[in-house]
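Since the structure comes first, as structure tokens, the remarks are kept for the end.
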Amino acid sequence: MTQTGTAQIGVTGLAVMGSNLARNFAHHGYTVALHNRSIAKTDALLAEHGSEGTFVRSETIAEFLDALEKPRRVIIMVKAGDPTDAVINELADAMEPGDIIIDGGNALYTDTIRREKAIRERGLHFVGAGISGGEEGALNGPSIMPGGPAESYKSLGPLLEEISAHVDGVPCCTHIGPDGAGHFVKMVHNGIEYSDMQLIGEAYQLLRDGLGLEAGQIADVFSEWNKGDLDSYLVEITAEVLRQVDAKTGKPLVDVIVDEAEQKGTGRWTVKSALDLGVPVTGIAEAVFARALSGSVAQRKAAFRGERSDGKGQGLASGELGAAPTDAPQFIEDVRKALYASKIIAYAQGFNQIQAGSAEYNWGITLGDMATIWRGGCIIRAKFLNRIKEAYDDDPDLATLIAAPYFRDAVEAGIDSWRRVVVKATELGIPVPGFASALSYYDALRTERLPAALTQGLRDFFGAHTYGRTDAPEGQKFHTLWSGDRSEVEA
Ligand code: NBP
Numbered sequence: 103m104t105q106t107g108t109a110q111i112g113v114t115g116l117a118v119m120g121s122n123l124a125r126n127f128a129h130h131g132y133t134v135a136l137h138n139r140s141i142a143k144t145d146a147l148l149a150e151h152g153s154e155g156t157f158v159r160s161e162t163i164a165e166f167l168d169a170l171e172k173p174r175r176v177i178i179m180v181k182a183g184d185p186t187d188a189v190i191n192e193l194a195d196a197m198e199p200g201d202i203i204i205d206g207g208n209a210l211y212t213d214t215i216r217r218e219k220a221i222r223e224r225g226l227h228f229v230g231a232g233i234s235g236g237e238e239g240a241l242n243g244p245s246i247m248p249g250g251p252a253e254s255y256k257s258l259g260p261l262l263e264e265i266s267a268h269v270d271g272v273p274c275c276t277h278i279g280p281d282g283a284g285h286f287v288k289m290v291h292n293g294i295e296y297s298d299m300q301l302i303g304e305a306y307q308l309l310r311d312g313l314g315l316e317a318g319q320i321a322d323v324f325s326e327w328n329k330g331d332l333d334s335y336l337v338e339i340t341a342e343v344l345r346q347v348d349a350k351t352g353k354p355l356v357d358v359i360v361d362e363a364e365q366k367g368t369g370r371w372t373v374k375s376a377l378d379l380g381v382p383v384t385g386i387a388e389a390v391f392a393r394a395l396s397g398s399v400a401q402r403k404a405a406f407r408g409e410r411s412d413g414k415g416q417g418l419a420s421g422e423l424g425a426a427p428t429d430a431p432q433f434i435e436d437v438r439k440a441l442y443a444s445k446i447i448a449y450a451q452g453f454n455q456i457q458a459g460s461a462e463y464n465w466g467i468t469l470g471d472m473a474t475i476w477r478g479g480c481i482i483r484a485k486f487l488n489r490i491k492e493a494y495d496d497d498p499d500l501a502t503l504i505a506a507p508y509f510r511d512a513v514e515a516g517i518d519s520w521r522r523v524v525v526k527a528t529e530l531g532i533p534v535p536g537f538a539s540a541l542s543y544y545d546a547l548r549t550e551r552l553p554a555a556l557t558q559g560l561r562d563f564f565g566a567h568t569y570g571r572t573d574a575p576e577g578q579k580f581h582t583l584w585s586g587d588r589s590e591v592e593a
């Protein structure tokens, strides 16, 4: 029986993400053409899940493309980087004008911009789509962030929206903007995810080292927090991970896991992009550096404040540490409020980065839509994203999330707790880079006169870099003749 032109969608790259995405399409009644570089993965998928829907097996790209109805829609789910380029080129060589290539991997947005341009010039459509939610999301409904031409979204959008997560009947998928917009937003999403996890980690450590709570007790605290403003997937699974007992030792699993956090690179990309755009995403940067610090094994061994494991005596001293908090329930509540306030800052910074990226590349991104499509399916799904959506609905040009009434009030309600936590952590020698830098960011934004005036003075002194004056029109520059008579001239 010929199966030419029977499949509405094709998936190439059938590792964990691609297989689950293919099954998700099949569960929604679509006929799915399957392809993988090595046939073993295709056959394994068909053997284990072939009965879940209608799949078309293919061994070659030619067979794969033949199975698809036209214009063809092909999703690539292979390793990001060179493998993705290899697959795109192989497909583009064999496809016809109007066909759509979708890269669902975690591509760097600048690669997506380059690829979209090259593929467009060949008469094909290229859509870089960020997909979040891990393997579970891919199977049961991810959050999808497709970029690329608006025209291709007309044909592709309904399929993607159907298989995406839904919250209150609204799909967690929307057209983000042209070329690299989807992958840019996915990148910032991942950066926010880094920041969220770092803040959760700091809260955990404060309860563990500040109050001496066991993992199981901290799990109960997180479960309780998940019933309120902090209600989110990451807080929910924090309780689950903390409650897990290691079968081998009988200890909490978290106590036997090596404390070196790894990264695949999207957090680093977010920070690099933020540096280029000049957007202070301090929360994400602290999270990326905290992971790097955890992996700085030699430095940690050399500086460790206890007995050094290499037998070379004591590590570095910490000075006198303060006493543990005496009112445990109050401290737990303070940490909860500090976590929420810091999280608001992290999202405010991430949304500012999307705003700046959208302006830089003319993407026309609607910020409220990002909050909408992150409400379900993805790793950072959280109840408070509804509030972010409302804030941008009320004012699409909001300069910062913390200026929106709900968030302004939420941060102000937690500010005393937040300061107490940072002070107590400092006294106890517990590192809280996320909490502390978020608080400094918040204080800096609200400071009338920043020391940047002095920075400008210094720059003018050693490099004649000039400065503006508070009493002169914006843009007018001045220079003091530091090595002369120190009079001021207009630059
Ligand atoms: P991997 O990132 O582990 O990639 C494995 C797949 O890439 C296999 O199908 C493999 O084929 C194929 N592949 C490679 Br490697 N080199 C190739 C080449 N030169 N030509 C053709 N195919 C090649 O798979 P994954 O974890 O399912 O992730 C897929 C994409 O989704 C990645 O970009 C990832 O960053 C992204 N993503 C992953 C997650 C997650 O939770 N894992 C979440 C969100 C996004 P083979 O079978 O022949 O070796």
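Using the numbering used here, the first residue of the sequence shown is number 103, and each one after it goes up by one. Heads up, the beta-carbon is just placed ideally off N, CA and C, and yes, glycines get one too. Source: prediction; values computed, not measured.
- Residue nearest to G466 within the set G284, T144, V189 and Y296 is G284 (criterion: CA-CA distance).
- 8 Å or more divides the Cβ of Y543 from the Cβ of Q558.
- I204 is classed as buried because its beta carbon has at least 16 other beta carbons within 10 Å across all chains shown.
- One alpha carbon belongs to N292, the other to T368, and they sit about 6 Å apart.
- For the set L500, A430 and R407, the Cα lying nearest the Cα of L423 is the one of R407.
- For L308, the three-state secondary structure derived from DSSP is helix.
- Here Q451 is buried. Its C-beta has 16 or more other C-beta atoms within 10 Å.
- About 33 Å separates the beta carbons of G397 and E435, which is beyond the 8 Å limit, so they are not a contact pair.
- Contact between the segment 310-318 and the segment 341-349 is present: three or more C-beta pairs spanning the two stretches fall below 8 Å.
- Looking at the DSSP output, S334 sits in a beta bridge with A484.
- If you look at R216, you'll find it isn't in any beta strand (DSSP E); it sits in the alpha helix (DSSP H) that goes Y211 to E223.
- Taking non-hydrogen atoms of the ligand NBP into account, the C-beta of V229 is found less than 7 Å away from none of them.
- DSSP places P248 in the strand class (E or B) of the three-state scheme.
- Leaving aside the five residues that flank E154 on each side, the residues in its chain whose CB is nearer than 7 Å to its CB run, in chain order, R125, A128 and H129.
- When C-alpha distances from A574 are compared across V591, F563, A566 and D587, the shortest belongs to V591.
- Following the DSSP letters along the chain, one finds F563 inside the alpha helix (DSSP H) bounded by residues A554 to G565.
- Counting along the chain, the unbroken alpha helix (DSSP H) around E388 starts and ends at T384 to S396.
- Remark: the shortest separation between the CB of L136 and any heavy atom of the ligand NBP does not fall under 7 Å.
- Check the Cα spacing between F228 and each of S257, S234 and N242: the tightest is with S257.
- For I233, the beta-bridge partners assigned by DSSP are I246.
- Taking non-hydrogen atoms of the ligand NBP into account, the C-beta of S234 is found less than 7 Å away from one of them.
- Here H277 is not bridged, per DSSP, to any residue.
- By the C-beta criterion, the segment 299-310 is judged to be in contact with the segment 383-397, since at least 3 inter-stretch pairs fall below 8 Å.
- Contact annotation: Q457 and L441 have beta-carbon atoms that are not nearer than 8 Å.
- According to the DSSP assignment, R521 belongs to no beta strand (DSSP E) but to the alpha helix (DSSP H) extending over P507 to L530.
- Cα atoms of Q105 and A392: separation of roughly 52 Å, rounded to the nearest angstrom.
- Nearest to L193 by alpha-carbon distance, out of A349, G225, Y211 and A209, is G225.
- In the structure shown, I204 falls within a strand segment according to DSSP collapsed to helix, strand and coil.
- Cβ atoms of V534 and E295 stay farther apart than 8 Å, at about 19 Å.
- Between I233 and P280, the alpha-carbon positions lie close to 16 Å from each other.
- Taken atom to atom, the span from the alpha-carbon of I490 to that of I163 is near 43 Å.
- The shortest C-alpha to C-alpha distance from F486 to any of A555, K366 and G330 is the one to G330.
- Assigned with DSSP and collapsed to three states, R159 falls in strand.
- With a threshold of 7 Å, the Cβ atom of E237 counts as near the ligand NBP, since some heavy atom of the ligand is closer than that.
- When secondary structure is reduced to three states using DSSP, A135 falls in the strand class.
- Here the C-alpha atom of S334 lies approximately 16 Å from the C-alpha atom of G236.
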